[in-house]
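One structure is given below, encoded as structure tokens.
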Amino acid sequence: MRFTSFLLVSFISSLVAAETHTWWFETGWVDANPDGNFERKVIGFNNSWPLPTLRAKKGDVINLYLINGFNNSNTTLHFHGLFQEGSAQMDGPPMVTQCPIPPGETFLYNFTITQVGTFWYHSHTSGQYGDGMRGLFIIEDDDFPYEYDEEVTLSLSEHYHKTSDELLPSFLNRYNPTGAEPIPQNALFNESRNVSWVVEPNKTYLLRIANIGRFVSQYLYMEDHEFTVVEVDGVYVEKNTTSMLYITVSQRYSVLITTKNDTSKNYAFMNMIDKTMLDVTPPDLILNSTNYIVYDENNEKPGEYFVDSIHDYLDDFYLVPLNKERLLDDADHVVTIDVAMDNLGDGINYAFFNNITYTAPKVPTLMTVLSAGEFATNELVYGTNTHPIILQKDEVVDIVLNNLDTGTHPFHLHGHVFQLIERHEAIPDGESPVQFNETDHAEWPEYPMSRDVVFVRPQSYIVMRFKANNPGVWFFHCHIEWHLDQGLALMFIEDPAGIQNNETQQLTADSINACQKLGMPIEGNAAANSKNFLDLTGEPVQHKPLPSGFTARGIVALVFSCIAAFLGLFAIAIYGMADIKDVEERVARDLNVDIDDDDDLEPEGEQSSSFEHSK
Ligand SMILES: *[C@@H]1O[C@H](CO)[C@@H](O)[C@H](O)[C@H]1NC(C)=O
Ligand SMILES: *[C@@H]1O[C@H](CO)[C@@H](O)[C@H](O)[C@H]1NC(C)=O
Ligand SMILES: *[C@@H]1O[C@H](CO)[C@@H](O)[C@H](O)[C@H]1NC(C)=O
Ligand SMILES: *[C@@H]1O[C@H](CO)[C@@H](O)[C@H](O)[C@H]1NC(C)=O
Ligand SMILES: *[C@@H]1O[C@H](CO)[C@@H](O)[C@H](O)[C@H]1NC(C)=O
Ligand SMILES: *[C@@H]1O[C@H](CO)[C@@H](O)[C@H](O)[C@H]1NC(C)=O
Ligand SMILES: *[C@@H]1O[C@H](CO)[C@@H](O)[C@H](O)[C@H]1NC(C)=O
Ligand SMILES: *[C@@H]1O[C@H](CO)[C@@H](O)[C@H](O)[C@H]1NC(C)=O
Ligand SMILES: *[C@@H]1O[C@H](CO)[C@@H](O)[C@H](O)[C@H]1NC(C)=O
Ligand SMILES: *[C@@H]1O[C@H](CO)[C@@H](O)[C@H](O)[C@H]1NC(C)=O
Ligand SMILES: *[C@@H]1O[C@H](CO)[C@@H](O)[C@H](O)[C@H]1NC(C)=O
Ligand SMILES: *[C@@H]1O[C@H](CO)[C@@H](O)[C@H](O)[C@H]1NC(C)=O
Ligand SMILES: [Cu+2]
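In structure tokens, the structure reads:
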């Protein structure tokens with residue numbers, strides 16, 4: 000009898016398990032002072048910021064109505080890490096899977112949840128998530144594999160006092176020829192600073208951590224407490240205990256933390272900026288932020304906590320997925336991409352995958368797939384500058400990513416997790432970058448770690464493997480928002496026929512409406528030609544290269560030739576601050592040029608005409 004009723008109960012609970020969540024959110028600017036130093040406008044939902052933590056369970060249906068409440072900006076929303084199986088148009092990146100949502104319009108993001116774990120959502124429209132349009136998305140699991148008493152969330156991010164609209168024009172600017180990213184004013188812990196986390200003794204907390212920032216990785220460590228990692232990016236792992244985590248933007252970790260049995264002392268909880276990612280470290284930038292693990296509010300708050308070495312952080316490469324998914328079969332399709340940053344003819348510093356800087360097409364690529372008929376399997380129709388890579392249904396794909404740049408970059412693939420099968424150490428500045436050698440590689444792990452964001456070290460490489468079992472158009476890009484603005488993106492067009500033939504992938508009324516309201520076509524190739532899909536005349540393309548002989552040295556010379564007039568602007572553009580005295584030396588050092596040597600600095604021929612000096 001008991002057995003029957005148990006079966007009945009579980010039958011009923013599986014029936015009622017799937018819930019529908021209907022949320023209406025209107026975007027808009029609100030005043031906030033996250034770091035306690037400066038009030039600025041941030042992007043909220045319904046006049047409120049920080050944004051809510053969304054919660055759902057596997058199998059649930061989401062109906063999120065996003066109302067664009069801006070008067071002068073388009074917007075979109077991306078659900079980071081969700082596979083969007085059968086619903087690629089709900090993925091969010093504008094001109095990849097949808098038209099931007101214009102002011103005043105509403106877009107229904109509706110899809111079914113098929114995963115569990117720690118996720119987040121953010122605008123995929125340039126700069127908006129750095130202005131605050133970001134929040135956590137927790138998918139709870141009734142069968143969570145580890146025991147804990149209480150769940151707590153924690154976000155990390157960095158903070159600028161200026162809005163993206165103010166920062167972007169001076170970042171993407173020929174007076175910023177090295178592409179130096181703006182320096183943030185602070186690191187945030189849970190969208191705030193010097194936070195007290197009040198805990199109970201003798202308890203195990205599940206802390207779900209996400210770096211929802213736009214730029215810097217952060218180290219996270221606690222005084223006299225340890226993290227036991229149990230999930231990364233929605234993938235459960237075998238427990239691994241560490242005293243320190245290194246979290247790039249958009250990565251997530253769930254950790255168990257067991258508190259002490261006695262409440263006589265409070266402890267420090269530190270978050271620290273990875274300063275190697277900053278071009279300069281202004282003296283007033285606080286790299287190490289102190290927060291508090293509070294057992295007893297009547298006791299003193301702890302001071303800053305120091306560690307001996309920041310190199311002892313957990314290496315995610317060695318984590319083992321709990322489901323023991325084996326290394327996928329050898330790749331059917333190897334995609335080799337070289338990462339580089341360089342200047343184009345307009346003097347601006349761009350980012351490249353194989354010499355292509357992503358340039359959005361005239362028709363969202365998913366709509367090209369849906370309208371191109373049999374041409375959808377022809378890469379040409381997607382244009383050259385969207386960098387399309389077509390994948391066959393169910394093939395095993397290796398992404399071999401060689402980082403020729405001296406920076407660390409966290410790469411994210413939409414629609415999938417990938418197995419991380421090889422990663423090389425960083426190669427120091429001044430030496431040649433190391434590239435993956437297929438005939439001479441390390442032994443690959445039997446049960447490789449899987450996740451949706453992984454960082455590549457300076458002048459080094461990573462190899463990722465996944466199975467193309469999710470028809471859709473999936474963006475692959477650096478998650479440093481500045482680098483995405485510089486074009487560090489490409490896209491996978493996975494099983495185009497499988498997209499076309501599936502009812503669930505057909506455009507919704509809101510998808511069509513967003514395009515129509517903007518006067519944008521919903522059919523055609525990258526050049527919006529729907530008569531002849533192979534005619535790409537008029538497709539958006541990147542700027543022409545700098546004329547030959549006109550190198551970074553030439554740009555510096557040019558910039559310095561008018562430096563007197565522009566020093567202020569220049570210093571701000573490069574280093575995010577106005578008062579650096581030795582800016583010339585710094586730039587010269589960054590570019591490895593000798594500014595006292597005037598030879599060879601002048602470009603040859605007429606090219607300087609492409610470089611009009613603005614007044
Ligand atoms: C947000 O605002 C919209 C209208 O602007 C309203 O329909 C909705 O109920 C609000 N949502 C919440 C969660 O308050
Ligand atoms: C549009 O919004 C911006 C930012 O909130 C504001 O400064 C501006 O005054 C608004 N313009 C109009 C026409 O409402
Ligand atoms: C919205 O997007 C369209 C298409 O990309 C663009 O033409 C328009 O200028 C954008 N509107 C705003 C306010 O940025
Ligand atoms: C359509 O997509 C859904 C979700 O991925 C999948 O379950 C279904 O099998 C697909 N249907 C066809 C006809 O491919
Ligand atoms: C989303 O909503 C549209 C319009 O109401 C509907 O046609 C579509 O079937 C829905 N999709 C899902 C996955 O719920
Ligand atoms: C972070 O903020 C969330 C939402 O306000 C709160 O529930 C959580 O306890 C905070 N986490 C910490 C570690 O303070
Ligand atoms: C800690 O909690 C366990 C049960 O979770 C309990 O048995 C034990 O007595 C507690 N110890 C102290 C010192 O509170
Ligand atoms: C707290 O006490 C319980 C038993 O009373 C023990 O199992 C546990 O390990 C102790 N926790 C710590 C952090 O010392
Ligand atoms: C920040 O913390 C690290 C690790 O504890 C330490 O090495 C470094 O000196 C600290 N920096 C500052 C400016 O306090
Ligand atoms: C835990 O991580 C360390 C390195 O960070 C690795 O050597 C070890 O194999 C890992 N253990 C498990 C069970 O994942
Ligand atoms: C990129 O351009 C450089 C210089 O023109 C050339 O040597 C290299 O082969 C190109 N790389 C790719 C992957 O096209
Ligand atoms: C790759 O490794 C093989 C075997 O060690 C070696 O012969 C070859 O020269 C290497 N290729 C490159 C480009 O380094
Ligand atoms: Cu990057």
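Numbered according to numbering that gives the first Met the number 0, the sequence shown spans residues 0 to 614. For glycine and all other residues, C-beta sits at the position ideal for the given N, C-alpha and C. Predicted model only: the values in this text are computed from it and were never measured.
Endpoints, the alpha helix (DSSP H) within which residue i is located
i	result
C98	Unbroken run through C98: none, as it is neither H nor E.
G497	P495 to Q499
K516	A508 to K516
H482	E480 to D484
Assumed close pair residue i, residue j - CB separation to whole angstroms, cut-off 8 Å
i	j	result
H337	H542	In the sequence as displayed, the identity of residue 337 is Asp instead of His. Contact doesn't hold; Cβ gap of about 19 Å is too wide.
T258	V198	5 Å
T376	P539	Their Cβ separation, rounded to whole angstroms, is 22 Å, which puts T376 and P539 out of contact at 8 Å.
N260	P200	5 Å
L545	N342	6 Å
Cβ shell of residue i (< 6 Å), same chain only, five flanking positions each side left out
i	result
V8	Because V8 sits at a pLDDT of 46, beneath the cut-off of 50, its placement in the model cannot be relied upon, and the following sentence gives the value as read from the coordinates. Within the same chain, V8 has no close Cβ partners at all.
F351	A339
H482	A350
G233	G80, Q114 and G116
N109	N62
W48	V29, A31, V41 and G131
C514	C98 and I521
T21	N62
E150	L205
Cβ-Cβ distance between residue i and residue j below 8 Å
i	j	result
K323	Y446	yes
P301	N265	yes
M490	C98	no
N348	G178	yes
H121	P33	no
S154	N189	yes
F488	Y357	Before going on, a small fix: residue 488 reads as Ala here, not Phe. Yes.
E222	A267	yes
I100	L65	yes
L403	Q485	no
M448	D315	yes
N239	L318	yes
I420	L326	yes
F643	V95	Residue 643 lies beyond the residue range present for the chain, which begins at 0 and ends at 614; the question has no answer from this structure.
Y460	Q434	yes
E237	L321	yes
Beta-carbon contacts of residue i that lie in its chain and below 8 Å, excluding the five residues immediately before and after
i	result
L694	Residue 694 is absent from the model: the chain starts at 0 and stops at 614.
T503	G85 and S86
T74	T26, L65, N67, P99, I100, S122, T124, Q127 and M132
L167	S125, G126 and D484
E147	First, the amino acid is wrong: residue 147 is Tyr here, not Glu. Answer for Y147: T203, Y204, L205 and L255, listed in chain order.
Q391	D331, H332, A467 and D494
Close beta carbons around residue i, own chain, < 7 Å, minus the five adjacent residues each side
i	result
S242	Y220, E225 and D311
E378	P387 and I389
N45	F24 and E25
F136	L53, F78, F118, W119 and Y120
P427	none
K580	Here K580 scores only 45 on pLDDT, less than 50, and its place in the model is too uncertain to base an answer on.
Unbroken beta strand (DSSP E) run spanning residue i, endpoints
i	result
G212	That residue, G212, is in no beta strand (DSSP E); it is neither H nor E in DSSP.
G27	T19 to A31
W196	S195 to V197
S529	No beta strand (DSSP E) holds S529; DSSP gives it neither H nor E.
S253	R251 to T257
D337	H332 to N342
H77	H77 to H79
E230	F226 to V231
K274	First-last for K274: undefined, no H or E at that position.
V540	Neither: V540 is in no beta strand (DSSP E) and is coded neither H nor E.
L286	No beta strand (DSSP E) holds L286; DSSP gives it neither H nor E.
M240	Looking at the sequence itself, residue 240 is Thr, so the reference to Met does not match. Counting along the chain, the beta strand (DSSP E) containing T240 begins and ends at V234 to T241.
Entirely enclosed beta strand (DSSP E) segments - the stretch 112 to 182, minimum 3 residues: If you keep only unbroken beta strand (DSSP E) runs of at least 3 residues inside the stretch 112 to 182, you get 116 to 121, 133 to 139 and 149 to 158.
Length at least 4, wholly inside the stretch 345 to 426: the alpha helix (DSSP H) runs in chain order: Fully enclosed alpha helix (DSSP H) runs of 4 or longer: 364 to 370.
Whole alpha helix (DSSP H) elements within the stretch 424 to 491, 4-residue minimum: Secondary structure remark: continuous alpha helix (DSSP H) runs of at least 4 residues inside the stretch 424 to 491, in chain order: 480 to 484.
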